[in-house]
Structures are given as structure tokens and as C-alpha cells.
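Novice: First residue of the sequence shown: 6, per our numbering; consecutive thereafter.
The C-beta atom is built at its ideal place from N, Cα and C for all residues, glycine as well.
Remember, predicted model here, so these are calculated numbers, not experimental data.
Pasting in a structure now, in C-alpha cells, and then I'll have a few things to ask.
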Amino acid sequence: MTSQPDTPPRFKPRPWTPLETPQDVELWIDEHNRFLQETVKPQETGVGICFTLGEGGNVYMQTTADAVILDVDQDAAWIAPLVSAATGAEPPRGQIWVLPDDKLVQLILGLSMLVESTTLVTGHHFGPQGRRAW
């Protein structure tokens, strides 16, 4: 099924409220996971969330059982030093970051003050590492 030009997007951006503590992040993760399970169809792939940054660019994030996959678009490449500082990871050669799953809370805390809005996404290509969200 192809999208019609006048078809509104399935998911709309939601304003972001900065998260200040690891507990805030854990609560947000639980709420987000519950929303995904209620909203996303079982056959859908490329499921994740798009963080739109206030200073420009988008960061698409997918979590798997053992990794956090980030697709950092070219306009958001400026956050690479922050992602490295928050997670201890070296920047990848391309725009796809694959981080250990235990870095999720630190990553979201590091990005939190920079995020303007979030949008649930489906059908996003997270590179060869991308999988179903759960």
C-alpha cells in the first residue's frame, strides 16, 4: 500500500519535556514501550522514535534486546561528541551508531535538553543491525 500525498502522517510529533534524572528516563522508557506495544502492528518493522533536535536535525532510535541503534541524520551530526561523552562510544564511520543496551539511560539523559519533539516511526531503515523493536 502506498501513501497518498494527502494522507496525514500516522504519528504526529509530540512536544518533549526534558528528563532530569535516571528515574525520569526509566519512567519515560516504560511509557514509550507500552505505547509501542499498543500502537504498532506485529508485522511492522523499522520501529523506533525520532528525536527532533531544537538546534537542527533528527536522531532516529531503535532499541533491541541487546543494543540501541541510532541513525543520526546529517543535520544532527553535531551531536556526535555528546553521544560519545554520554555513552563512551567512538563515533561510527557512517551515521548508524550501535550502542550496548545498558547505555540507553545515559544516552537519553545526554540528549534530553536538546530535544524539541519526538515522533514514533515505523518502516525506518536502521541499517543492517536494525530489527523489530521487541
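(1) Thinking C-alpha only, which one of 105, 85, 50 is nearest residue 96?
(2) Could you compute how far the alpha carbon of residue 70 sits from the alpha carbon of residue 26?
(3) Helix or strand or just coil, what does DSSP make of residue 115?
(4) Counting Cβ pairs closer than 8 Å, one from the region 53 to 61 and one from the region 122 to 132, do we hit at least three?
(5) Give the single residue among 44, 68, 102 whose Cα lies nearest to the Cα of residue 15.
(6) Excluding five sequence neighbours on each side, which residues of the same chain lie with their C-beta closer than 6 Å to the C-beta of residue 104?
(7) Using a Cβ-Cβ cutoff of less than 6 Å, which residues in the same chain neighbour residue 115 once the five nearest sequence positions on both sides are dropped?
(8) Which residues bound the beta strand (DSSP E) around residue 56?
(9) Please confirm whether residue 69 has its beta-carbon closer than 8 Å to some beta-carbon of chain D.
(10) Thinking C-alpha only, which one of 132, 67, 59 is nearest residue 37?
(11) By how many angstroms is the C-alpha of residue 65 removed from the C-alpha of residue 81?
(12) Cutting at 6 Å between CB atoms, please list the residues of its own chain near residue 102, excluding the five before and the five after it.
Specialist: Reading it off the structure:
(1) Within the sequence shown, the letter at position 91 stands for residue 96. Considering only alpha carbons, the answer is 85.
(2) Residue numbering aside, residue 70 sits at position 65 when the sequence shown is read from its first letter. Residue numbering aside, residue 26 sits at position 21 when the sequence shown is read from its first letter. When rounded, the distance between both Cα atoms is 23 Å.
(3) The residue labelled residue 115 in the question sits at position 110 within the sequence shown. Here residue 115 sits in helix by DSSP.
(4) yes
(5) Start at 1 with the first residue of the sequence shown, and residue 15 comes out as number 10. For the residues 44, 68, 102, the minimum Cα distance to residue 15 belongs to 44.
(6) As a first step, residue 104 is located in the sequence shown; it is residue number 99 there, counting from the start. Once the five neighbours on either side are set aside, the close Cβ partners of residue 104 are 73, 92, 94.
(7) The residue labelled residue 115 in the question sits at position 110 within the sequence shown. So the list reads 87, 91, once near-sequence residues are dropped.
(8) Within the sequence shown, numbered from 1, the residue matching residue 56 stands at position 51. Element bounds for residue 56: 53 to 58.
(9) Here there is only one protein chain, and chain D is not present.
(10) Taking the first residue of the sequence shown as position 1, residue 37 is located at position 32. Comparing Cα positions, the closest option is 67.
(11) Here the question's residue 81 lines up with position 76 in the sequence shown. Here the question's residue 65 lines up with position 60 in the sequence shown. Going by the C-alpha atoms only, they are around 10 Å apart.
(12) To locate residue 102, count along the sequence shown from 1; it is residue 97. Once the five neighbours on either side are set aside, the close Cβ partners of residue 102 are 75.
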